[in-house]
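Residue numbers (UniProt numbering): 1 to 59.
#1: I need the DSSP call for residue 42, collapsed to helix, strand or coil.
#2: Taking DSSP as the reference, what is the three-state secondary structure of residue 59?
#3: Roughly how many angstroms separate the alpha carbons of residue 36 and residue 43, rounded to a whole number?
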(Lines of atoms letter the chains of each structure in order from A and count residues from 1; the text may use other names and numbers.)
(Lines give C-alpha, C1' and ligand atoms only; values in the text may rest on other atoms or scores of the structure.)
Protein backbone atom coordinates (compact mmCIF):
# COMPACT_ATOMS: atom_id res chain seq x y z
CA UNK A 1 0.00 0.00 0.00
CA UNK A 2 1.24 3.44 -0.92
CA UNK A 3 -0.15 6.73 0.31
CA UNK A 4 -2.02 8.63 -2.35
CA UNK A 5 -1.35 10.55 -4.42
CA UNK A 6 1.64 8.57 -5.69
CA UNK A 7 4.20 10.86 -7.33
CA UNK A 8 6.76 9.42 -9.72
CA UNK A 9 9.56 11.00 -11.75
CA UNK A 10 11.31 9.70 -14.86
CA UNK A 11 14.34 10.93 -16.75
CA UNK A 12 13.74 12.10 -20.34
CA UNK A 13 13.79 9.24 -22.86
CA UNK A 14 13.72 6.34 -20.37
CA UNK A 15 10.00 5.59 -20.25
CA UNK A 16 8.80 3.19 -22.96
CA UNK A 17 5.11 2.76 -23.61
CA UNK A 18 3.71 -0.04 -25.76
CA UNK A 19 0.61 0.83 -27.75
CA UNK A 20 -1.26 -1.03 -30.52
CA UNK A 21 0.03 -0.29 -34.02
CA UNK A 22 -3.47 0.03 -35.50
CA UNK A 23 -5.02 2.46 -33.04
CA UNK A 24 -7.27 5.43 -33.78
CA UNK A 25 -5.53 8.69 -34.63
CA UNK A 26 -2.38 7.18 -36.17
CA UNK A 27 -1.59 8.59 -39.65
CA UNK A 28 -1.11 6.23 -42.59
CA UNK A 29 2.45 4.95 -42.98
CA UNK A 30 4.51 6.40 -45.82
CA UNK A 31 5.09 4.01 -48.74
CA UNK A 32 8.57 2.46 -48.81
CA UNK A 33 11.28 4.38 -50.65
CA UNK A 34 11.66 3.33 -54.30
CA UNK A 35 15.47 3.15 -54.54
CA UNK A 36 15.43 2.37 -58.28
CA UNK A 37 13.45 5.56 -59.00
CA UNK A 38 15.69 7.59 -56.68
CA UNK A 39 18.83 6.40 -58.50
CA UNK A 40 17.22 7.25 -61.85
CA UNK A 41 16.33 10.75 -60.64
CA UNK A 42 19.83 11.28 -59.23
CA UNK A 43 21.39 10.20 -62.53
CA UNK A 44 19.21 12.70 -64.41
CA UNK A 45 20.43 15.71 -62.41
CA UNK A 46 21.93 18.29 -64.78
CA UNK A 47 20.29 16.87 -67.90
CA UNK A 48 17.23 18.13 -69.72
CA UNK A 49 14.25 16.01 -70.72
CA UNK A 50 15.89 15.49 -74.16
CA UNK A 51 18.88 13.87 -72.50
CA UNK A 52 21.32 16.66 -73.40
CA UNK A 53 23.29 18.63 -70.85
CA UNK A 54 21.39 21.66 -69.62
CA UNK A 55 22.68 25.24 -69.50
CA UNK A 56 25.45 25.97 -67.05
CA UNK A 57 24.08 28.11 -64.19
CA UNK A 58 25.80 31.50 -63.69
CA UNK A 59 28.29 31.74 -60.85
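Beta carbons: idealized from backbone N, C-alpha and C, even for Gly.
The answer reads as follows:
#1: Position 42 of the chain shown, counting from 1, holds the residue named residue 42. The answer is helix: DSSP assigns residue 42 an H, G or I state.
#2: By one-based count along the chain shown, residue 59 stands at place 59. Coil, per DSSP.
#3: For the purposes of this step, residue 36 is identified with residue 36 of the chain shown, where counting begins at 1. For the purposes of this step, residue 43 is identified with residue 43 of the chain shown, where counting begins at 1. Rounded to the nearest whole angstrom, the CA to CA distance from residue 36 to residue 43 is 11 Å.
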